[in-house]
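S.K.: This is the structure I want to talk about, given as structure tokens.
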Amino acid sequence: MAKSAAIELKNITKTFGKVVANKNVSLTAYRGEILSILGENGSGKTTLMNMISGIYFPDEGQILVDGQEAVIASPKDAFKYKIGMIHQHFKLVDVFTAAENIVLGIEEGKYNLKESISKIREICDKYGFDLDPEKKIYTMSVSEKQTVEIVKVLYRGADILILDEPTAVLTPQEIQKLFAVLRRMREAGKSIIIITHKLNEVMELSDRVAVLRKGEYIGSVNTAETSESQLTEMMVGEKISLNINRSEPKDPKDRLIVENLECVNRMGVKVLSNVSFTAKSGEILGIAGIAGSGQRELLEAIAGLQKINSGDINYINPKTDVVENLKDKTPRQIRDLGVRLSFVPEDRLGMGLVANMDITDNMMLRSYKKGKSFLLQRKEPKNLAEKIIEDLSVVTPGVSTPVRQLSGGNIQKILVGREIAASPKLLMVAYPVRGLDINSSYTIFNLLNEQKERGVAVIFVGEDLDALIELCDRIMVIGSGRITGIVDGRTATKEELGVLMTKSVNESEVSNNG
Amino acid sequence: MAEIKDKKHKREPLFHLVKRDDMKWWAAWLIRIAAILIGFFLVCFISMALTKESLSSIIETMYRGVFGRIEMGSTKMMWRYFQKTAILLCLSIAVTPAFKMKFWNCGAEGQALAGGLAAMICMIELGNVLPYPLLLLVIVLSSIVAGAVWGVIPAIFKAQYNTNETLFTLMMNYVATQIVKYYLYIKGGGSNKINPVAEGNLPVIANNEYMLNVIIVLVLTLLVFIYLKYSKHGYEISVVGESQNTARYIGINVKKVFIRTMILSGALCGIAGMLLVAGTDHSIDTNTVGGQGFTAIMVSWLGQFNPLVMIIMSALVVFLNLGSAKVADSCYLNSSYADIAVGIVILLVVGCEFFIRYQIKFRSTKKEVHV
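Line by line, the protein sequences give chains S and W.
For the record, in the first sequence the residue sitting at position 292 is 292 according to the working numbering, with numbers rising by one throughout.
Add 514 to a position in the second sequence, counting from 1, and you land on the number used in the working numbering.
Structure representation (structure tokens):
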């Protein structure tokens, strides 16, 4: 390749405490090309890019800009090297206009908005942006805001642009518009790095793809010489055997039937559409998917925390065979209906537990209302806390330690322990082993298996495909808020799941056989 | 690679802060007590510098400002001190339930004034109509209701429209003040003042007009402590305050908790207003609460939202206020001096929390050699 290297990373390593986010990563981005960084969640894409843009500083390794070694210790340094990053979450002042946001924080030169506006218009004309510099941010759509962010970076003279999942928030039409702009920038000799996990976009847009997996650099390929299946394989890696026990489901009966569920999030974006599936007693139903594909909303909709636009959620009470529709019910109403639903949410300390309360008080969260007394009954929760500490070997100084002081694994044991202690008939767990070491992970897997054998319907949202394949009886794949497939956990392969996960919205005309 | 490592070390600052979770409760209290003592002596030294008096005479003046001449058999000043402490304490425990759910009730002033006005109206309008026990009951209930209404209005708006409770409660103070002003205008007959009313005063027990106030407030303090720590309501308040997400997750109705707790908070403020009007002044003016509703916010924070600790904190704040006012008075200092003195001590007490939460770690010298 005759192109010159714009930025080179050499043996970059970054750790956060015990977690290795990037290990020995070396990669190069050339002038006048679009490079995609591809990887699953937690593969270290964003961390790596944050090091280039000066938000983090690498523990080891070098960054070379135009062949010269660069020390990038702050976003300001990054701009010195003409590197600009467009973050997933926009950093704009709502009450300012586009132009005001774009010039904000530039210290050199005089503050002359008129001059700046004409300069902004120049940039827009050059690359084909559709932007009114005098429009206020709060009146803008998501795509317009993104345009402001990109122009902001260009205005500061960036030659190397990093975009963190730029298409996640856009409609298909807006995506095409963005791609056209990015191509024009490539022609102008800029080098563009986009972080993504959507394979079809990678194939369509980029010249080269660099793949990361679990913090390590797997390799780079030219897009023209690769295929989606090769990329999937690079992304998910070889199958690792975890040796989790998996018994055959005993006498599975329908426990939860979700039909044509549709939800809209707070921003008014549709997060779930046409979701239908059944969870059965005595089996573990896995849910796989790229993070943010609607998993959280799905579980929260079932738990009564997410507003439902249309569709039904029917719970079949195993004792009475009465069908309860959980639609438009609050968590309390759901409990009062006799629905034995336990839920381990993704956000352990922000939702499942109260970080500043001690273990006993966290045990009471579900049961504190019991009894007629006006006062709290702390004896039972305390016994339960002691039992969980003992049974799950939680490492803690005692029951009166605030849970925030415990380690991630112990926090999760407390939360899962509490939810299981409520003897559920339907147990939903979201990313229960995220951030946990191997032993704690096995403790959690065993607990889930135990519940399954007791005839509980378990819904397990996971990100580690190996674990999903070894633990679950059936795996449902969710992509962009739709179900892209339901497969048998005993025969599924990682590649199969990977393809379903990255299936784009248009093709996902449901292959629903569950 | 080694070069970059050096560059990084150059960037390491002289010291950095480490959060700590492991401080023993007694060590934390030792630091707090030390901060109070340092603040107290700092005030004394500043007083010495300003007045050229000796340390012992400053302390003596302060003592006399608070307790009067007990040695000469007069306990009047001392009871006035207890009374002022009780009112501040009552307002402090009133705002605390709201604060614990992170609802910043800055309207204790207005809620107390509303309660006081309700008591005043009952005393004037019903004083000669109802028998004394019934009159007392009506006074107490109406002031509770008035305070609760004043407190619940911002809560309803917060629950329904997510308005900012700080501004809302603050503005409600001005409304209450203006209503009292208007009442003074129609009842005061030109003087805009109401002479002390003899009817409907709280009973005097043990020959002491303040004793009942103090007892009522102490009982309320204990009740609020129990309510927050041991009741189901108190538990819900804590969960809502710590994380509304968790509250929703376990099925707590957050709006209901907002409204219920603000009714309680306003009602307690209303009682404070009633104690001021029916139990102390027997009259009302726009300055009856006198800014104590705002001081109460500070006391609640200083007491770490623990009503029992607030007993000490309100006693301390009133002590400094009265004491330094006396110093200012007897040495012809500006009357703002008392506020300055209280400010100094509070600054130290609040500031010491920093050392309880963080540890300062200095750059180790080994790396210095390396650079």
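Idealized CB from N, CA, C, for every residue including glycine.
Is it a yes or a no for the region 724-733 of chain W touching the region 588-607 of chain W, going by three-plus beta-carbon pairs under 8 Å?
M.R.: With the cut-off at 8 Å, the region 724-733 of chain W and the region 588-607 of chain W touch.
S.K.: In angstroms, rounded to a whole number, what distance separates the CA positions of I7 (chain S) and A29 (chain S)?
M.R.: As a first step, residue 7 (chain S) is located in the first sequence; it is residue number 7 there, counting from the start. As a first step, residue 29 (chain S) is located in the first sequence; it is residue number 29 there, counting from the start. Distance between the alpha carbons of I7 (chain S) and A29 (chain S): 5 Å.
S.K.: Please state the DSSP three-state secondary structure of M357 (chain S).
M.R.: Translated into the one-based positions of the first sequence, residue 357 (chain S) becomes position 357. Residue state, collapsed to three classes: coil.
S.K.: So is H796 (chain W) buried or exposed if we call it buried at 16+ other beta carbons inside 10 Å?
M.R.: One-based indexing of the second sequence puts residue 796 (chain W) at position 282. Burial call: buried.
S.K.: Where does S511 (chain S) sit, in a helix, a strand or coil, going by DSSP?
M.R.: Reading the first sequence from its first residue, position 511 is the one you call residue 511 (chain S). Because S511 (chain S) carries a pLDDT of 41, less than 50, the predicted location of this residue cannot be relied on, and the following value inherits that uncertainty. S511 (chain S): coil per DSSP, three-state reduction.
S.K.: For I192 (chain S), which beta-bridge partners are listed by DSSP?
M.R.: Locating residue 192 (chain S) in the first sequence gives position 192, counting from the first residue. For I192 (chain S), which the question treats as bridged, DSSP gives the partners S:I34 and S:L161.
S.K.: Just checking: is the beta-carbon of T13 (chain S) within a distance shorter than 8 Å of some beta-carbon in chain W?
M.R.: The sequence position of residue 13 (chain S) within the first sequence is 13, counting from 1. With 8 Å as the cut-off, T13 (chain S) does not count as an interface residue toward chain W.
S.K.: Determine which residues of the region 358-369 of chain S have a Cβ less than 8 Å from any Cβ of chain W, and write them out in chain order.
M.R.: Listed by position along the chain: D361, M364, L365, R366, Y368 and K369.
S.K.: Taking the beta strand (DSSP E) that L9 (chain S) falls in, what are its first and last residues?
M.R.: Walking along the first sequence from the start, residue 9 (chain S) turns up at place 9. Taken as a continuous stretch (DSSP letters only), the beta strand (DSSP E) holding L9 (chain S) covers A5 to F16.
S.K.: Does the beta carbon of Y127 (chain S) sit closer than 8 Å to a beta carbon anywhere in chain W?
M.R.: In the first sequence, counting from the first residue as 1, residue 127 (chain S) sits at position 127. By this cut-off, Y127 (chain S) is not an interface position.
S.K.: Does any CB atom of chain S fall closer than 8 Å to the CB of G764 (chain W)?
M.R.: To locate residue 764 (chain W), count along the second sequence from 1; it is residue 250. According to the sequence as given, residue 764 (chain W) is Ile; it is not Gly. I764 (chain W) counts as touching chain S.
S.K.: Whole angstroms is fine: what's the gap from G513 (chain W)'s alpha carbon to K372 (chain S)'s?
M.R.: It is not possible to answer for residue 513 (chain W), since the shown part of chain W is limited to 515 through 885.
S.K.: Output, in chain order, the set of chain S residues within a Cβ distance shorter than 7 Å of Y744 (chain W).
M.R.: Numbered from 1 along the second sequence, position 230 holds the residue referred to as residue 744 (chain W). The answer, in chain order, is L375 and L376.
S.K.: Taking C-beta to C-beta, are G286 (chain S) and M476 (chain S) nearer than 8 Å?
M.R.: Translated into positions along the first sequence, residue 286 (chain S) becomes position 286. Translated into positions along the first sequence, residue 476 (chain S) becomes position 476. Yes, the pair counts as a contact, with Cβ atoms nearer than the cut-off.
S.K.: Have a look at the DSSP bridge pairing and note the partners of G599 (chain S).
M.R.: The structure shown does not extend to residue 599 (chain S), since chain S is modelled only from 1 through 514, so no value can be given for it.
S.K.: Check whether the Cβ of Y675 (chain W) lies closer than 8 Å to any Cβ atom in chain S.
M.R.: Within the second sequence, numbered from 1, the residue matching residue 675 (chain W) stands at position 161. False, the Cβ-Cβ gap to chain S never drops below 8 Å.
S.K.: Quick one: Cα of L556 (chain W) to Cα of T809 (chain W), how far?
M.R.: Sequence index remark: in the second sequence, residue 556 (chain W) carries index 42 (1-based). Sequence index remark: in the second sequence, residue 809 (chain W) carries index 295 (1-based). Their Cα atoms are separated by approximately 21 Å.
S.K.: What do you reckon, are the CB atoms on K152 (chain S) and N101 (chain S) nearer than 8 Å?
M.R.: One-based indexing of the first sequence puts residue 152 (chain S) at position 152. One-based indexing of the first sequence puts residue 101 (chain S) at position 101. Yes, the Cβ-Cβ distance between K152 (chain S) and N101 (chain S) is below 8 Å.
S.K.: Would a check of beta-carbon distances place T599 (chain W) closer than 8 Å to chain S?
M.R.: Walking along the second sequence from the start, residue 599 (chain W) turns up at place 85. False, the Cβ-Cβ gap to chain S never drops below 8 Å.
S.K.: Please confirm if Y749 (chain W) has its CB atom under 8 Å from at least one CB of chain S.
M.R.: Taking the second sequence and counting its residues from 1, the one referred to as residue 749 (chain W) is at position 235. Judged by the 8 Å Cβ criterion, Y749 (chain W) is in contact with chain S.
S.K.: Around the Cβ of W815 (chain W), are there at least 16 other Cβ atoms within 10 angstroms (buried) or fewer (exposed)?
M.R.: Your numbering for residue 815 (chain W) matches position 301 in the second sequence. W815 (chain W) should be labelled buried.
S.K.: Determine the direct distance from the alpha carbon of K280 (chain S) to that of Q412 (chain S), and round the result to whole angstroms.
M.R.: The count along the first sequence starts at 1 and reaches residue 412 (chain S) at position 412. The count along the first sequence starts at 1 and reaches residue 280 (chain S) at position 280. C-alpha separation (whole angstroms): 25 Å.
S.K.: Between I773 (chain W) and the rest of its own chain, which residues show a CB-CB distance below 7 Å, the 5 nearest in sequence each way excluded?
M.R.: The sequence position of residue 773 (chain W) within the second sequence is 259, counting from 1. Closer than 7 Å at Cβ, skipping near neighbours: V666, A669, I670 and A673.
S.K.: Going by Cα to Cα distance, which pick from S:E225, S:H197, S:N325 and S:V236 is closest to G292 (chain S)?
M.R.: Sequence index remark: in the first sequence, residue 292 (chain S) carries index 292 (1-based). Here the closest residue by C-alpha is S:H197.
S.K.: Per DSSP, what kind of secondary structure is A541 (chain W) in: helix, strand or coil?
M.R.: Numbered from 1 along the second sequence, position 27 holds the residue referred to as residue 541 (chain W). The answer is helix: DSSP assigns A541 (chain W) an H, G or I state.
S.K.: Could you tell me whether the region 88-99 of chain S touches the region 137-144 of chain S, using the rule of 3 or more Cβ pairs below 8 Å?
M.R.: Contact holds: three or more Cβ-Cβ distances are below 8 Å.
S.K.: What runs of the beta strand (DSSP E), each 3 residues or longer, lie entirely inside the region 460-503 of chain S?
M.R.: Runs of the beta strand (DSSP E) inside the region 460-503 of chain S: 474-479 and 482-488.
S.K.: Given this structure, state the Cα-to-Cα distance separating K119 (chain S) from D59 (chain S), to the nearest angstrom.
M.R.: One-based indexing of the first sequence puts residue 119 (chain S) at position 119. One-based indexing of the first sequence puts residue 59 (chain S) at position 59. Straight-line Cα distance between these residues: approximately 39 Å.
S.K.: Within the region 309-338 of chain S, note down every full beta strand (DSSP E) run reaching 3 residues or more, in order along the chain.
M.R.: Listed in chain order, they are 310-316 and 323-325.
S.K.: Check whether the region 328-341 of chain S and the region 271-278 of chain S touch, using three or more Cβ-Cβ pairs below 8 Å as the test.
M.R.: The region 328-341 of chain S is not in contact with the region 271-278 of chain S.
S.K.: Where DSSP assigns a beta bridge to M428 (chain S), which residues make up the other side?
M.R.: Residue numbering aside, residue 428 (chain S) sits at position 428 when the first sequence is read from its first letter. Answer by DSSP bridge pairing, in chain order: S:F343 and S:I459.
S.K.: For I290 (chain S), count neighbouring Cβ atoms within 10 angstroms of its own Cβ and tell me buried if that reaches 16, exposed if not.
M.R.: Translated into the one-based positions of the first sequence, residue 290 (chain S) becomes position 290. Its Cβ being crowded by 16 or more others within 10 Å, I290 (chain S) is buried.
S.K.: Under 8 Å, do V344 (chain S) and E419 (chain S) count as touching if we go by C-beta distance?
M.R.: Mapped onto the first sequence, residue 344 (chain S) falls at position 344. Mapped onto the first sequence, residue 419 (chain S) falls at position 419. Going by C-beta atoms, V344 (chain S) is nearer than 8 Å to E419 (chain S).
S.K.: With respect to the beta strand (DSSP E) encompassing I284 (chain S), which residues constitute its N-terminal and C-terminal limits?
M.R.: As a working note, residue 284 (chain S) is residue 284 in the first sequence. Here the beta strand (DSSP E) through I284 (chain S) covers I284 to A288.
S.K.: Taking I257 (chain S) as the reference, which of S:L415, S:V323 and S:R183 has the closest Cα?
M.R.: As a working note, residue 257 (chain S) is residue 257 in the first sequence. Of S:L415, S:V323 and S:R183, the residue nearest in Cα terms is S:V323.
S.K.: Would you check if there are 3 or more beta carbon pairs closer than 8 Å linking the region 702-711 of chain W to the region 788-802 of chain W?
M.R.: With the cut-off at 8 Å, the region 702-711 of chain W and the region 788-802 of chain W touch.
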